[in-house]
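Note sheet for the following structure.
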């Protein structure tokens, strides 16, 4: 237990940082649809262009045990409205699903639909195994219950799935020479980058948005995430930052008084009486980090929070200011559910397993310049708790063993090509992202003000700031260059070797 | 059953084509130590420099099932006599074990020991899982008996093993920045190439000797192997080639006569009476193909065979000439064992499983210009027989799905680097090898006269022909260039990012 009073494990396991923002996706909680963040409206005729398919996918690509040959139905969605066709080798944009059902992504990941016409691209969206409708063994709940069935739920299998689906789609369409561009965000962005590294024969290039591929092992500072949240708040308003920094001890102080928890429950209008002050602190930390991570236009939730904190009437105490921020951020609810970030959603349950097996991201926070109390990452604690939860130990070094990550600039400068690592530098996860060019074709496209996955979400010409429009244009230009180069190579190749 | 009269499957499954040549390793049979091919003498003091270690290896890198966490002891051998040490980032030469026990390879794969002093290189030899002393579940026999235990026996697991061992060795020696050069031949050469493609963060470059990575799916002509054997014989002696070409029908003709099998048994001095003429034909085909595949100096077994065929006294009939070749090739034995190529050695048993699961190489022969009777590759037959043997179906497309192979020049020209594909163009497996440069750093080094894996075997200054010496020098020069470039990059990298 750390000084915030709640289990470290709890914190780490509920690290969800998907891309979809028609609702907020908290870093430390569950996906929620809130009234203030409606999904973008899509006309029904548009929706009809998206056709759902299922691919009979093998459970275990990497072994030849009888169990390995079990299959499941993997969902993918295709929109061929703008596709230029196989004859002209028109490109295929492939969205690689992340830790959640595909449904919402299809309409919120705008990079494909917004650019399909421009590129005459086929749009393919593939769901990640064990999520949504692509679940072996019936349901996520059922699959996760059993030690044997959940064991196949990991990233290496997932990108092998993507390879199989894409080869299948290309073959079906006789589009063997249509270049594939993979697009993914957050965890899906890591998959997109790794997919290009492992399957260059399936994918020509990848746009890896907000992909913290360096947040493993000892590559990035463990405190990077929380340091950036702190920096974001400090830059927005020093007094806002100070109020938040003071709030934790203030909560502890009030909690330790007679009827302290009752007082806190009343002051924060909690649904039910608080059992421990840590529940409140956990709830607040979720709000704060997700506001920083998803500080997107046009509403800029971080500013919403700081405006509420700073704008409270003179004389309002620290807790009053924090509560004002909660109301401003969440809306004036009848009460605030401290468990909101722990709902056992599919995403929460799935990611808990993934982060307890291979996705061991050592995120901690120290007090050094942070507005959060110290709470260092504790690997041995994680290992113990994972073992007690799932019976197996995490493999904290497997990601760097299989995908690499150390000394990326040294390793990839002369190997690999065609990856865009895009980051918004206000996104706390950019602290584990690639924010420097590695070579001429492995390129970092960062924006000072961007937040998590912003560039691949649906464009909004009336509210998108200029820097975001520009970021996307840079990405489009790079991808165009890849495709042009590929087509020239293909021509030369085909003349050399008649096909 | 093909026109040669024996099961196609039998043919394909006994395809063993390892590198070690202190004894002949037949393409279609078992590893045998013959009196005429003694292992190179190694002084005992040299042998003492090779230390054996065991690494606790995970059974299943790719899943998180409880069974995945089982471990086995993987053998590796280190010779640090010439190593320049971690401080100078002196290189590491890593031999990636193939389909057999490591023991023989350590002293027959000369590329490491012959060049260790020149490069101040550490020599590491790693045994392939399920062979030799690196067998999970007790013994190869025991491991193969059970459908669950044999399922982890495949190439993706094997190269993940190599990554784990090498990272462990580097860490132990504090040699994180020592560049690793992987060396492998035949199947091990494919592993070396794939290892560089999948684990560029572990290995700087690979020497893939006689690696037929294109002999999968529909990439190479199925008849390539046998066409090259035919070509080799034809180029050596037209009459030799014609005698062999005629021998098959001659055998059938004799066999169909009264007491024909008895006649054949006597004429070929078989150990025990022949049950079918196909046993004899299978035996002869093995001799012929292995002579072509391992047609190495100083003895050039293919020439030995043709000299015997052509040099028989005038009036000797076809079968007499063929038998003379058998005696010349095998030595004057008390009798000839028609089962010699089917001994259930570890290599035979192991490769049978590997080729029945993922290593489905579509090798067939047609009559078009071939000196062999028609015997096309029949995938559905293979699938049926594998299923009946092991209960699971082969995955004939997995190698190209995971590693690629189609349109290599198009795919890898702008991706990857630092692979030497070396081939002797007389080696029938070169028909599935990379024999053209792909880029400035993915280079084909072929020799017109070379046979299987010749370049990586122990050098012999008194008998090696000039073209072989030259081939090795070209390889050394390329590897030197890789290392020099790496060291320059490392310097720049370390100055940029203080370590």
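Chains as they are written, first to last, in the numbering used here: chain A, 1 to 499; chain B, 1001 to 1499.
We put the CB at the ideal spot given by N, CA and C, even for glycine.
For the beta strand (DSSP E) that residue i lies in, which residues bound it at each end?
i	result
residue 1079 of chain B	1071 to 1079
residue 1051 of chain B	1050 to 1058
Just reading off the alpha helix (DSSP H) that residue i is part of, what are its end residues?
i	result
residue 172 of chain A	155 to 172
residue 1286 of chain B	1277 to 1293
residue 1205 of chain B	That residue, residue 1205 of chain B, is in no alpha helix (DSSP H); its beta strand (DSSP E) goes 1205 to 1209.
residue 148 of chain A	147 to 150
residue 188 of chain A	187 to 198
residue 469 of chain A	466 to 496
residue 1202 of chain B	Where residue 1202 of chain B is concerned, there is no enclosing alpha helix (DSSP H), given that its DSSP letter is neither H nor E.
residue 228 of chain A	224 to 236
Just checking: is the beta-carbon of residue i within a distance shorter than 8 Å of some beta-carbon in chain B?
i	result
residue 493 of chain A	yes
residue 411 of chain A	yes
residue 66 of chain A	yes
residue 415 of chain A	yes
residue 193 of chain A	no
residue 291 of chain A	no
residue 62 of chain A	yes
residue 501 of chain A	Residue 501 of chain A is absent from the structure shown; chain A starts at 1 and stops at 499.
residue 362 of chain A	no
residue 128 of chain A	no
residue 189 of chain A	no
residue 392 of chain A	yes
residue 357 of chain A	yes
How many whole angstroms separate the CB atoms of residue i and residue j, which I take to be in contact at a CB cut-off of 8 Å?
i	j	result
residue 1493 of chain B	residue 279 of chain A	About 47 Å; that fails the 8 Å criterion.
residue 1405 of chain B	residue 1109 of chain B	At roughly 25 Å, the Cβ-Cβ gap does not stay under 8 Å, so residue 1405 of chain B and residue 1109 of chain B are not in contact.
residue 1177 of chain B	residue 1089 of chain B	5 Å
residue 515 of chain A	residue 232 of chain A	With chain A running from 1 to 499 in the structure shown, residue 515 of chain A is simply not present.
Can you tell me whether residue i is helix, strand or coil according to DSSP?
i	result
residue 423 of chain A	strand
residue 399 of chain A	helix
residue 313 of chain A	coil
residue 1375 of chain B	strand
residue 1182 of chain B	strand
residue 1260 of chain B	helix
residue 1350 of chain B	helix
residue 345 of chain A	coil
residue 270 of chain A	strand
residue 364 of chain A	coil
residue 1391 of chain B	coil
residue 320 of chain A	helix
Shorter than 8 Å from the beta carbon of residue i to some beta carbon of chain A?
i	result
residue 1163 of chain B	yes
residue 1338 of chain B	no
residue 1259 of chain B	no
residue 957 of chain B	This structure cannot speak to residue 957 of chain B, because chain B is shown only from 1001 to 1499.
residue 1513 of chain B	Missing from the structure shown is residue 1513 of chain B; chain B here goes from 1001 to 1499 and no further.
residue 1148 of chain B	yes
residue 1212 of chain B	no
residue 1055 of chain B	no
residue 1489 of chain B	yes
residue 1401 of chain B	yes
residue 1172 of chain B	no
residue 1167 of chain B	yes
residue 1198 of chain B	yes
residue 1152 of chain B	yes
residue 1551 of chain B	The structure shown does not extend to residue 1551 of chain B, since chain B is modelled only from 1001 to 1499, so the question has no answer here.
Can we count residue i as close to the ligand NAP, meaning its CB is less than 7 Å from some heavy atom?
i	result
residue 332 of chain A	Because no ligand of any kind appears in the structure shown, any question about the ligand NAP cannot be addressed here.
Whole alpha helix (DSSP H) elements within the stretch 1084 to 1145 of chain B, 4-residue minimum:
Taking only runs of at least 4 residues, the alpha helix (DSSP H) segments lying wholly in the stretch 1084 to 1145 of chain B are 1102 to 1108, 1110 to 1119 and 1140 to 1145.
Whole beta strand (DSSP E) elements within the stretch 408 to 460 of chain A, 3-residue minimum
The stretch 408 to 460 of chain A contains these whole beta strand (DSSP E) runs: 419 to 424 and 442 to 447.
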